[in-house]
Amino acid sequence: MSLSASKQKRLAAKAAKNNKDSPKPTSKAAAETTALSQQLEQIALHATRTATGILTSAPQARDVKIESYSLSYYGRTLIQNATIELNFGRRYGLLGSNGSGKSTFLMSLGHQDIKLPEQIDTYILNEEAEPTDLNPIEYVIRHARDELDRLEKEVEHLLSQADAGDNPVIDTLYEKIEFLDPSTFEVRAAELLHGLGFSNKMILKPTKDLSGGWRMRVALAKALFIRPTLLLLDEPTNHLDLEACVWLEEYLSKYDRILVLVSHSQDFLNTVCTNTIHLNHKQQLTYYGGNYDTYVRTRSELETNQMKAYDKQQEEIAHIKKFIASAGTYANLVKQAKSKQKIIDKMEAAGLIEKVVPPMKYKFRFTDVEKLPPPVLSFDEVAFAYDGKIQNALYKGVNLAVDMDSRIALLGPNGTGKSTLLKLMTKELEATAGRVDRHNQLKVRKYNQHSADQLDMELSPIEYIRNKFRHISSDNEHWRQYIGKFGLTGSHQTAKILTLSHGLRSRLVFCELALERPHIILLDEPTNHLDIESIDSLAEAINAFQGGIVLVSHDFRLIGQVAKELWLCSGGEIQTFEGDIKEYKEKLRKTMLKKK
């Protein structure tokens, strides 16, 4: 390894320039308060999470291997005596049912409960960018400068050691430093933010003026900008529209470090992932080569072969036991029977082949209601402006109808008014001009990605549902069976909602929604936090429901499963998209490539 004086000098100059140019938050007190709040939150989370394990990868390697790894959360074991093996250059999709511990596992890796070597920097996307006076570009650049400063200090520390010339970690750090070239900061930050959906106007707003969803996009841009060795993303598409999902899918498919991704989107997993990890019901991590479709095919083949071997072994054991039972007291047969018993004993000592037990399938069901004759819900020349001024209207001249046979998906970038349209349907907003007509018996209910935040976190699911629907029944056993249909079973029924995963909380909201017996259900990003099996069950429930559905989702597969009409929100108008969701996705991909 050659560490030239000119290279070291350039690095020193670069560090000096970074420290001089680094933008500072204008409100020091606000920044300190936010930082303290986040630290306290992380301490509280860490106190409820316990992990043990032994790092066995080489000290200077860029792969990660941890053996005898166990993880618990609120005293409940999630992973037991497993092996973590993450190879540099691979992109892993992490699968598992809701409540199995996927998010907690990512947190454990991201916060290095098992300490990793210094050259393996980690980043977990699990919180929004803090509200500051910096705009998104400045915010991303500030973090990049801090990271560059950290890397250069680490190089300086390693160069001071006696064996510096033989340390390959220094080469790895130099590679990262070269990638973080300050002369490209502003252009690269802008490209990332535009890819994630920021307009030229929004990209100049301070982060304190952005919603939580947009600040989460800033945090994602920050993570992608610094390109950590171990990048951990927990459902990164939750706050994205379809356009941004397509962009991120393409971007991550070329990520050349280590990526561990939790996602409910099969499309996304298929495009991005090179490997799959399954956190199974035995609290083990099982590894598969290939993307999601390959995982499904491989797992099915393995389970088929396992069942064949299981059946064969059971037949052999049954045959031996039948012989032993028929041996009686004949001396020669008793001797043979003892010999046969030893065969069974050896099988048991070596471990019998386990029977494949398929995961329990939960069937969401929305309660069927009496049909209402059309028109059920209609818009007549509707216009809407948040400031009440028609010249600033988000929509003008909208004419549409939703009936009890409707299966409508709303398409279009964030900011084009999809959620606003749903609020006009629920009377949360009133039209600025025109008229919204509703059947006098119509009951409309809406699910959105923040619905679970309205739950009483101190109650258990049974207590929450029983208290809210006491007029139906006050019997605990009745509610045990009912919420069990939505995948809330066993100890999850009596645990505090606070301790449940986001996916399990979402299932509880769907249970509540079904009990309210609406004629039309509005679903605003319903797949957030649901596992893939739950999304399939949701699709079945939508297709079986006798009422109307209006859907906003970034999950292409769900839209393809349920939507009969695609409405495109764009340019202040709502138009029917002629084609299916696959054609729409391909159109987005071509547009994105053209922009590139």
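In our numbering, the protein residues as written are 2 to 597. Beta carbons are placed, not taken as given, at the ideal position from N, Cα and C, and that holds for glycine.
Legend entry - Inter-residue spacing [alpha-carbon to alpha-carbon] between Y585 and A394: Position 584 of the sequence shown, counted from the first residue, corresponds to residue 585. Position 393 of the sequence shown, counted from the first residue, corresponds to residue 394. Y585 and A394: Cα-Cα distance of roughly 26 Å.
Inset, instruction - Pull up the distance between the alpha-carbon of H493 and that of L501, whole angstroms please. - result: If you number the sequence shown from 1, residue 493 lands on position 492. If you number the sequence shown from 1, residue 501 lands on position 500. Between H493 and L501, the C-alpha separation is close to 7 Å.
Inset, instruction - Mind checking which residues open and close the alpha helix (DSSP H) that includes L280? - result: If you number the sequence shown from 1, residue 280 lands on position 279. From DSSP, L280 is part of no alpha helix (DSSP H) but of the beta strand (DSSP E) over N276 to L280.
Legend entry - Proximity below 8 Å, CB of I227 to CB of H158: Working through the sequence shown from its first residue, we reach residue 227 at position 226. Working through the sequence shown from its first residue, we reach residue 158 at position 157. Cβ distance not < 8 Å, so I227 and H158 don't count as in contact.
Inset, instruction - Have a look at the DSSP bridge pairing and note the partners of I521. - result: In the sequence shown, the residue the question calls residue 521 occupies position 520. Per DSSP, V445 and G549.
Inset, instruction - Report buried or exposed for D268, applying the criterion of at least 16 other Cβ atoms within 10 angstroms of its Cβ. - result: If you number the sequence shown from 1, residue 268 lands on position 267. So D268 ends up on the buried side.
Inset, instruction - Output the boundary residues of the alpha helix (DSSP H) element that contains L225. - result: For the purposes of this step, residue 225 is taken as the residue at position 224 of the sequence shown. Taken as a continuous stretch (DSSP letters only), the alpha helix (DSSP H) holding L225 covers G213 to I227.
Legend entry - Cα-Cα separation, R300 to M361: Walking along the sequence shown from the start, residue 300 turns up at place 299. Walking along the sequence shown from the start, residue 361 turns up at place 360. Approximately 16 Å, taken between the alpha carbons.
Legend entry - Range covered by the beta strand (DSSP E) that runs through N400: What you label residue 400 is simply residue 399 of the sequence shown in a count that begins at 1. For N400, the enclosing beta strand (DSSP E) has its first and last residue at Y396 to V403.
Inset, instruction - Output the distance between the C-alpha atoms of N281 and S101, rounded to the nearest integer angstrom. - result: Translated into the one-based positions of the sequence shown, residue 281 becomes position 280. Translated into the one-based positions of the sequence shown, residue 101 becomes position 100. In this model, N281 and S101 are separated by some 8 Å (Cα to Cα).
Inset, instruction - Helix, strand or coil for N127, going by three-state DSSP, please let me know. - result: The sequence position of residue 127 within the sequence shown is 126, counting from 1. For N127, the secondary structure class from DSSP, reduced to helix, strand or coil, is coil.
Inset, instruction - Keeping to the same chain, check which residues put their C-beta closer than 6 Å to that of V65; ignore five residues upstream and five downstream. - result: The residue labelled residue 65 in the question sits at position 64 within the sequence shown. In the same chain as V65, and ignoring 5 residues on each side of it, the C-beta atoms closer than 6 Å to its own belong to S58 and L87, in chain order.
Legend entry - Residue from K309, L412, K323 and S379 whose Cα sits closest to the Cα of N400: In the sequence shown, residue 400 corresponds to position 399, counting from 1. Looking at K309, L412, K323 and S379, the one whose alpha-carbon comes closest to that of N400 is S379.
Legend entry - Own chain residues within Cβ distance below 6 Å of Q260, not counting five before or after: Counting from one through the sequence shown, the residue named residue 260 turns up at place 259. Per the sequence shown, residue 260 should be read as Leu rather than Gln. Leaving aside the five residues that flank L260 on each side, the residues in its chain whose CB is nearer than 6 Å to its CB run, in chain order, R92 and L232.
Legend entry - Start-to-end residues for the beta strand (DSSP E) that takes in Q576: Numbered from its first residue, the sequence shown carries residue 576 at position 575. E574 to T577 is the span of the beta strand (DSSP E), which, as asked, contains Q576.
Legend entry - Terminal residues of the beta strand (DSSP E) in which T78 lies: What you label residue 78 is simply residue 77 of the sequence shown in a count that begins at 1. Start and end: R77 to L87.
Inset, instruction - Note the first and the last residue of the continuous alpha helix (DSSP H) segment covering R508. - result: For this step, residue 508 is matched to residue 507 along the sequence shown. Per DSSP, R508 belongs to the alpha helix (DSSP H) from H503 to L516.
Legend entry - Sheet register partners of R436 (DSSP bridge): Position 435 of the sequence shown holds residue 436. Per DSSP, D381.
Inset, instruction - Would you mind working out which of V445, Q442, K444 and K469 sits nearest Q455, comparing C-alpha positions? - result: In the sequence shown, the residue the question calls residue 455 occupies position 454. Checking every option, the nearest Cα to that of Q455 belongs to K469.
Legend entry - Contiguous alpha helix (DSSP H) assignments of at least 4 residues, all confined to the region 302-331: You should have found no qualifying run.
Inset, instruction - Mark D182 as exposed unless 16 or more other C-beta atoms lie within 10 angstroms of its C-beta, in which case mark it buried. - result: As a first step, residue 182 is located in the sequence shown; it is residue number 181 there, counting from the start. D182 is exposed by the Cβ-count criterion.
Inset, instruction - Output the boundary residues of the beta strand (DSSP E) element that contains I259. - result: Within the sequence shown, numbered from 1, the residue matching residue 259 stands at position 258. Per DSSP, I259 belongs to the beta strand (DSSP E) from I259 to V263.
Legend entry - Proximity of V377 and H479 at Cβ, strictly below 8 Å: By one-based count along the sequence shown, residue 377 stands at place 376. By one-based count along the sequence shown, residue 479 stands at place 478. Result no, Cβ atoms of V377 and H479 do not sit closer than 8 Å.
Legend entry - Where I354 sits in the DSSP three-state scheme: Looking up residue 354 in the sequence shown gives position 353. Note: I354 maps to coil in three-state DSSP.
Inset, instruction - May I ask which residues mark the beginning and end of the beta strand (DSSP E) holding E119? - result: The count along the sequence shown starts at 1 and reaches residue 119 at position 118. For E119, there is no enclosing beta strand (DSSP E), as DSSP gives it neither H nor E.
Legend entry - Meets three-Cβ-pair contact criterion under 8 Å: the region 429-447 and the region 517-529: Segments in contact, yes.
Legend entry - DSSP three-state assignment for D369, whether helix, strand or coil: By one-based count along the sequence shown, residue 369 stands at place 368. Residue state, collapsed to three classes: coil.
Inset, instruction - Please determine, among W568, A496, Y256 and L539, the residue with the shortest C-alpha to C-alpha distance to G76. - result: For the purposes of this step, residue 76 is identified with residue 75 of the sequence shown, where counting begins at 1. If we check each option's Cα against that of G76, A496 comes out closest.
Inset, instruction - Using beta-carbon positions only, say whether E526 and H555 come within less than 8 Å of one another. - result: Your numbering for residue 526 matches position 525 in the sequence shown. Your numbering for residue 555 matches position 554 in the sequence shown. It is a contact, given that the beta carbons lie within the stated cut-off.
Legend entry - Unbroken beta strand (DSSP E) run spanning S161, endpoints: Position 160 of the sequence shown, counted from the start, is the residue given in the question as residue 161. Bounds of any beta strand (DSSP E) do not take in S161, whose DSSP letter is neither H nor E.
Legend entry - Check whether Y124 and P229 have beta carbons under 8 Å apart: Indexing the sequence shown from 1 puts residue 124 at position 123. Indexing the sequence shown from 1 puts residue 229 at position 228. In this structure, P229 lies closer than 8 Å to Y124 by Cβ.
Inset, instruction - Would you mind giving the Cβ-Cβ distance between I498 and D457, rounded to the nearest angstrom? I have them listed as a contact below 8 Å. - result: Against the sequence shown, residue 498 aligns to sequence position 497. Against the sequence shown, residue 457 aligns to sequence position 456. About 7 Å separates the beta carbon of I498 from that of D457, a gap short enough to meet the 8 Å contact definition.
Inset, instruction - State whether the region 140-156 contacts the region 188-197, with contact taken as three or more CB pairs (one from each stretch) at a distance under 8 Å. - result: Note that the region 140-156 touches the region 188-197; at least 3 beta-carbon pairs, one per stretch, sit closer than 8 Å.
Inset, instruction - Look at the Cβ atom of L262, then the Cβ atom of G94, and state whether they are nearer than 8 Å. - result: One-based indexing of the sequence shown puts residue 262 at position 261. One-based indexing of the sequence shown puts residue 94 at position 93. Pairing L262 with G94 gives a Cβ-Cβ distance under 8 Å.
Inset, instruction - Out of L225, S264, T78 and K339, point me to the one whose CA is closest to R611's CA. - result: A query on residue 611 cannot be resolved here, the shown segment of the chain reaching from 2 to 597 and no further.
Inset, instruction - Ignore the nearest five residues each way along the sequence and tell me which others in N82's own chain have a CB closer than 7 Å to its CB. - result: Indexing the sequence shown from 1 puts residue 82 at position 81. In chain order, S69 and S71 place their CB closer than 7 Å to the CB of N82, counting only its own chain and leaving out the 5 sequence neighbours on each side.
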